[in-house]
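In this note's numbering, each number is its position in the sequence shown, counted from 1, plus 1.
Everything below concerns the one structure shown next.
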Amino acid sequence: MTELQLRLRQTGFYDGEADGTYDRDVENAVRGYQLTRVVLADEPGVYGPATRASLESETSQP
Numbered sequence: 002m003t004e005l006q007l008r009l010r011q012t013g014f015y016d017g018e019a020d021g022t023y024d025r026d027v028e029n030a031v032r033g034y035q036l037t038r039v040v041l042a043d044e045p046g047v048y049g050p051a052t053r054a055s056l057e058s059e060t061s062q063p
């Protein structure tokens with residue numbers, strides 16, 4: 002989860018602590034990312050395969 006938080010930070014959707022916890026802030030960041038990138042294959046707020054592939058395609062390995 003820390004990698005997810007750091008990648009979301011790279012895109013500007015998350016500014017919280019990278020502590021590895023999938024809390025409401027991270028879920029909201031994932032949801033915002035999905036909405037702006039039109040990732041429809043995963044449920045809103047769920048870090049599924051489509052969201053991961055999209056996020057990894059536009060960020061660098063933290």
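Just so you know, even glycine gets a beta-carbon here, dropped at the ideal spot from N, CA and C.
Quick one: Cα of Gly13 to Cα of Arg38, how far? Mapped onto the sequence shown, residue 13 falls at position 12. Mapped onto the sequence shown, residue 38 falls at position 37. So the two alpha carbons sit approximately 13 Å from each other.
Can you tell me which of Asp26, Asn29, Gln6 puts its alpha carbon nearest to the alpha carbon of Asp19? Start at 1 with the first residue of the sequence shown, and residue 19 comes out as number 18. The question names Asp, yet the displayed sequence has Ala at residue 19. Of the candidates Asp26, Asn29, Gln6, the one whose C-alpha sits nearest the C-alpha of Ala19 is Gln6.
My parser needs the alpha helix (DSSP H) runs of 4 or more residues fully inside the stretch 26-63; what are they? Taking only runs of at least 4 residues, the alpha helix (DSSP H) segments lying wholly in the stretch 26-63 are 50-59.
Taking the C-alpha atoms as reference points, what is the distance between Glu28 and Gln35? By 1-based counting over the sequence shown, the position of residue 28 is 27. By 1-based counting over the sequence shown, the position of residue 35 is 34. If you draw a straight line from the Cα of Glu28 to the Cα of Gln35, it comes to about 10 Å.
According to the Cβ coordinates, are Asp24 and Tyr15 closer than 8 Å? One-based indexing of the sequence shown puts residue 24 at position 23. One-based indexing of the sequence shown puts residue 15 at position 14. Against a cut-off of 8 Å, the Cβ pair of Tyr15 and Asp24 comes out as no contact.
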